[in-house]
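If you use UniProt numbering, the sequence shown closes out at 144, no skipped numbers anywhere. Right, one structure below, let's go through it.
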Amino acid sequence: MDYTNDPECKIPPALIVNMPELKENPFRNRIVESFSEDGQGNLSFNEFVDMFSVLSETAPRELKAIYAFKIYDYNVDNYLCKEDLEKTLNKLTKEELTPEEVELVCEKTIEEADLDGDNKLSFADFENMITRAPDFLSTFHIRI
Numbered sequence: 001m002d003y004t005n006d007p008e009c010k011i012p013p014a015l016i017v018n019m020p021e022l023k024e025n026p027f028r029n030r031i032v033e034s035f036s037e038d039g040q041g042n043l044s045f046n047e048f049v050d051m052f053s054v055l056s057e058t059a060p061r062e063l064k065a066i067y068a069f070k071i072y073d074y075n076v077d078n079y080l081c082k083e084d085l086e087k088t089l090n091k092l093t094k095e096e097l098t099p100e101e102v103e104l105v106c107e108k109t110i111e112e113a114d115l116d117g118d119n120k121l122s123f124a125d126f127e128n129m130i131t132r133a134p135d136f137l138s139t140f141h142i143r144i
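Written as structure tokens, this is what we have:
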């Protein structure tokens, strides 16, 4: 792959998700898809650099929040619904919780974070929720 001779070339997701920095991350596929303009995980050089910039320890909280929301929004409807939260929780816990426990955690999360009562989390709801999570910045990064 020669970027100098073909500046439009894309890095395929299979190469990216197997990088040491992402290989063990349960969200590696969603991370790559979220930064990919084509939505399939193929990254241009600029998208690749953007991904590592956002995931760096020095990126601002607001930028990290935008991409965390995109990563967790599995159905890409600009909301985190119960199904999105279930998938996220199952990834985080390596599916070690029972379906009942997952459902309870997701219901409580929506109950506590849903400010407008529509039974799903908008970006504003999500942003408000993570402001109460002091460890968000320290956990939403990868070391390069």
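Think of the CB as a built atom: it goes at the ideal place given N, C-alpha and C, for glycine as much as any other residue. Given the structure is predicted, the values throughout are model-derived calculations rather than measurements.
Close Cβ partners of residue i (< 8 Å) along its chain, the five nearest in sequence each way excluded
i, result
"residue 112", "129"
"residue 32", "13, 16, 17, 22, 41, 43, 51"
Simplified DSSP state of residue i, which is helix, strand or coil
i, result
"residue 121", "strand"
"residue 130", "helix"
Beta-carbon gap between residue i and residue j smaller than 8 Å
i, j, result
"residue 34", "residue 70", "yes"
"residue 140", "residue 64", "yes"
"residue 91", "residue 26", "yes"
"residue 120", "residue 110", "yes"
"residue 89", "residue 105", "yes"
"residue 115", "residue 125", "yes"
"residue 142", "residue 80", "no"
Cut-off 6 Å between Cβ atoms - residues of its own chain near residue i, not counting five sequence neighbours on either side
i, result
"residue 30", "71"
Own chain residues within Cβ distance below 7 Å of residue i, not counting five before or after
i, result
"residue 47", "35, 36, 37"
"residue 117", "none"
"residue 135", "none"
"residue 53", "59"
"residue 84", "72, 73, 74, 75"
Next on the checklist: In chain order, what are the residue ranges of uninterrupted alpha helix (DSSP H) at least 4 long that sit wholly in the region 13 to 61?
Outcome noted: Every alpha helix (DSSP H) of 4 residues or more that sits fully in the region 13 to 61 is shown, in chain order, as 13 to 17, 28 to 35, 45 to 54.
Checklist entry - Whole alpha helix (DSSP H) runs in the region 67 to 124 with 4 or more residues, listed along the chain? => result Positions of the alpha helix (DSSP H) runs, each at least 4 residues long and wholly inside the region 67 to 124, are given as 82 to 92, 99 to 113 in order along the chain.
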